[in-house]
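Student:
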Amino acid sequence: MANIMSLKNVRNKASRSGFDMSRRSCFTSKVGELLPVWWQFVLPGDSWQAQLQSFVRTMPVNTASYGRIREYYDFFFVPLSQLWNRAPQAMTLMNDNVQHSNGLGGLTALDGTLPSISLSNINAVLGNLHSKDNLFGYDRGILACKLLSYLGYGMPDSTNKHQISRITRVNPLVNLFPILAYQKIYSDFFRYTQWESPNPSTFNVDWMTGKGDTVLSSTQFLSYLDENTMFDLRYCNLQKDLFHGIMPRAQFGSESVVSLGSDIAASYEYSFGNTSTGTGPAGDVTTQLISRSDRDDLVMRSGTVDVPYLRLYGSEFPSKLSVLALRQAEALQRWKEVAQAAEEDYKQQVEAHWNVSVSDFLSGQCRYLGGIDGNISVNEVVNTNLVGSEGATQPADIAGKGIGSSQGNISFNSQGEYGIIMCIYHALPLVDYITTGVDSKLLLTDASTFPVPELDSVGMELLPLNSLTTNRDTQRIGYVPRYLPFKTDYDRCFGEFASTLESWILPYSDDNIVLASASDPAPDDNPNVPASDTRVRYDFFKCNPALVDPMFAQNATESTESDQLWNQIFIKAFVTRNLDYNGLPY
């Protein structure tokens, strides 16, 4: 006999209908800015189809510029559980089914509220950010207000651009998930992980217990305003090339070292090279080694180039070296190099070390759904209607206008997750170098510095800074693959393009190089660069909107009035979800 007390077949007969979520948006932007131009909440079982068509014009262009700008529209899905670990219980209204402890014996039930903040508290935070500048010197309050307006939190006030305009006496609570999702996307996909530490406080509120503490106040932010907050507008990185793809270290962590025993005291140095002096027993060392006080190791100087070397330590040349210890050190070194080469998230690290494909559901990251890109082309505009004061025709005035268009589509099934689908737009200039640096191939003044096949796979090497600029005191810029001058090159401009014709290109000069001096404190965003190390900061890799100032008639500021790109998009979006079409019982 069937057991009628089993209620496993009690299920809601959910409707399933299609809904048109299409929308046209017009917005302005600057190069480098990461702007959320479309987002929607996603319900379990949702099936999305979205087609994007875009058209962009530029503000007036000074010339028929050769400058190159690419634009990108990228779609992401952010599960709510990655923003707040109590979201699955809260969204299913199972407030008593607590899955996360507040401490030993902590079993506080949820009260059903979601992470939120009032508009007045947002404005209070923006007011405090208004007095602070971001990494490019722009007003953080005004830019945060721009970001919030693109997410739909309200329009900037007409008189106070760092404030969200709101109706008098209306001060609603607003959901935090969209702004957290934006910051989560930045952290997972646009952050240069080797140079920039994550800041979970900008995208994760797991510290909220879910009972009486889900509404944020402005005072909770006051101690952290010198750091990036969840309201700060973010920037993309410049395209990786010879200089903007460097690593802060030769590997993850310090070098692996084999100990040769306690009876060994003094140090030995051996290198590849052809100079005649060195340290150690006569005839054993054939290179000249130069100590670098600002580093924890030594390098050999051959001419003007630092070349790699092998170091051995001992009061006398060691008579024994454990093969097992050497294997272990080599294996540890391999792990460090593999760890640095991959992104720092669980998915990338497991795939790099174990060669095992990891599901996106286990990655701990939001999911990339697809993207659309296109070029912005500058067309020539010639004005020949200029006549001199005495009837003499003046040279034709050559200006330009920039336009671009792109289209594409994505599809996505949410399976059983609540979340947010979001489209992030950014435009990226492809810069032309006019720096004072010397071609790195010209720094090869010793035969030992040319490629040696047997030494091609011994690790990364330092890139001398004078290959980028000769106007800085620091000796190096970062680590690159070995023999890099023989493996890649970069875009350069010469002649008058380096002076009076800069408006015809997108110049990257010595003035654009952001370095850290020895006296600078180590920024929290630079996890691998100690304060005493005079190397680049993480903002060296970020795309400054001012990079395209020579191209346009107006210089970039934090104001939207200086936005260089005028965009129009139409997103034809359809979702099939488990809801009734009209919500009526008949």
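Taking our numbering as reference, the numbering of the sequence shown is continuous, increasing by one, and the terminal residue is 588.
Glycine residues also receive a C-beta, built at the ideal position from the N, C-alpha and C atoms.
Does methionine 232 pass the burial test, meaning 16 or more other C-beta atoms within 10 Å, or should it be called exposed?
Tutor: Methionine 232 comes out buried.
Student: Asparagine 415: which of Leu131, Trp50, Arg13, Leu37 sits nearest, CA to CA?
Tutor: The candidate whose alpha carbon is nearest that of asparagine 415 is Trp50.
Student: So, helix, strand or coil for glutamate 563, using DSSP?
Tutor: If DSSP states are grouped into helix, strand and coil, glutamate 563 belongs with the helices.
Student: Is DSSP giving cysteine 495 helix, strand or coil here?
Tutor: Coil, per DSSP.
Student: Identify the continuous beta strand (DSSP E) that holds glutamate 73 and give its terminal residues.
Tutor: 70-81 is the extent of the beta strand (DSSP E) around glutamate 73.
Student: Can you give me the C-alpha to C-alpha distance between aspartate 362 and isoleucine 423, rounded to a whole angstrom?
Tutor: Approximately 15 Å between the Cα atoms of the pair.
Student: If you compare alpha carbons, which of Lys186, Gly480, Glu35 is closest to glutamate 73?
Tutor: Comparing Cα-Cα distances from glutamate 73 to each of Lys186, Gly480, Glu35, the minimum goes to Glu35.
Student: Report yes if the C-beta distance between leucine 145 and leucine 235 is below 8 Å; otherwise report no.
Tutor: Cβ distance < 8 Å, so leucine 145 and leucine 235 count as in contact.
Student: Rounding to the nearest angstrom, what Cα-Cα distance links methionine 93 and threonine 578 in this structure?
Tutor: Taking the straight line joining both Cα atoms gives about 20 Å.
Student: For glutamate 353, I'd like the list of residues in its chain whose CB is within less than 8 Å of its CB, leaving aside the five on either flank, ordered along the chain.
Tutor: Excluding residues within five positions, the ones whose Cβ falls inside 8 Å are Ala344, Ser359, Val360.
Student: For the candidate residues Asn381, Cys425, Gly410, Gly421, whose alpha-carbon lies nearest to that of glycine 404?
Tutor: Residue Asn381 is the option with its Cα nearest to glycine 404.
Student: If you run the structure through DSSP and keep just helix, strand and coil, what is glutamate 353?
Tutor: Looking at glutamate 353 - three-state DSSP - the assignment turns out to be helix.
Student: Within 10 angstroms of the Cβ of alanine 2, are there 16 or more other Cβ atoms? Answer buried if so, exposed if not.
Tutor: Within the shown structure, residues of the chain are numbered from 3 to 588, placing residue 2 beyond reach of any answer.
Student: Could you please give the first and the last residue of the uninterrupted beta strand (DSSP E) stretch that includes lysine 178?
Tutor: Here the sequence assigns leucine to residue 178, which means lysine is not the residue at that position. Leucine 178 -> no beta strand (DSSP E), and no H or E assigned at all.
Student: Which of the three DSSP states, helix, strand or coil, is assigned to valine 538?
Tutor: Strand.
Student: If you run the structure through DSSP and keep just helix, strand and coil, what is valine 325?
Tutor: Reduced to three states, the DSSP call for valine 325 is helix.
Student: Can you check which of these residues, Leu581, Gly585, Lys574, Asp582, is closest to arginine 25 by C-alpha distance?
Tutor: With distances taken between Cα atoms, arginine 25 lies closest to Lys574.
Student: Mind the definition here: the region 193-210 touches the region 167-185 only if three or more C-beta pairs lie below 8 Å; say whether that holds.
Tutor: Because the criterion of three Cβ pairs below 8 Å is met, the region 193-210 and the region 167-185 touch.
Student: What does DSSP give as the partner residues of phenylalanine 576 in its beta bridges?
Tutor: Paired residues: Asp22, Gln51.
Student: Please state whether the Cβ-Cβ distance between serine 67 and tryptophan 506 is less than 8 Å.
Tutor: Contact: yes.
Student: Along the chain, where does the alpha helix (DSSP H) containing glutamine 91 start, and where does it finish?
Tutor: First-last of the alpha helix (DSSP H) with glutamine 91: 89-93.
Student: For tyrosine 583, does the three-state DSSP call read helix, strand or coil?
Tutor: Note: tyrosine 583 maps to coil in three-state DSSP.
Student: So is glutamine 101 buried or exposed if we call it buried at 16+ other beta carbons inside 10 Å?
Tutor: Flag for glutamine 101 reads exposed.
Student: Indicate the three-state DSSP secondary structure (helix, strand or coil) for methionine 462 in the structure shown.
Tutor: In this structure, methionine 462 counts as coil in the three-state DSSP scheme.
Student: In whole angstroms, what separates the C-alpha of proline 509 from that of leucine 82?
Tutor: Rounded to the nearest angstrom, the two C-alpha atoms are 42 Å apart.
Student: Would you report the Cα separation of proline 62 and proline 453, rounded to the nearest angstrom?
Tutor: The alpha-carbon atoms of proline 62 and proline 453 are separated by roughly 48 Å.
Student: Secondary structure at isoleucine 423, three-state DSSP: helix, strand or coil?
Tutor: Strand, per DSSP.
Student: Strictly by DSSP, which residues pair up with glutamine 42?
Tutor: Looking at the DSSP assignment, glutamine 42 forms a beta bridge with Ile423.
Student: Name the DSSP bridge partner or partners of cysteine 28?
Tutor: Bridge partners of cysteine 28: Gln570.
Student: So what's glycine 129 in DSSP terms, helix, strand or just coil?
Tutor: It is helical.
Student: Between the Cα of serine 365 and those of Arg478, Gly373, Ser31, Phe79, spot the shortest distance and give me the residue it belongs to.
Tutor: Of Arg478, Gly373, Ser31, Phe79, the residue nearest in Cα terms is Phe79.
Student: Have a look at leucine 153 and serine 469 and give me their C-alpha separation to the nearest angstrom.
Tutor: Looking at the two C-alpha atoms, the distance is approximately 42 Å.
Student: Exposed or buried, threonine 438, counting other C-beta atoms within 10 Å across all chains shown (16 or more means buried)?
Tutor: It counts as exposed.
Student: For leucine 567, is the classification buried or exposed, using 16 other Cβ atoms within 10 angstroms of its Cβ as the cut-off for buried?
Tutor: Buried, since its Cβ has 16 or more Cβ neighbours within 10 Å.
Student: Measuring CA to CA, which of Pro587, Glu563, Cys545, Ser120 is closest to asparagine 136?
Tutor: Nearest C-alpha to asparagine 136: Cys545.
Student: Comparing alpha-carbon positions, which option in Val482, Asp582, Phe499, Asp541 lies nearest glycine 247?
Tutor: Minimum Cα distance to glycine 247 is reached at Val482.
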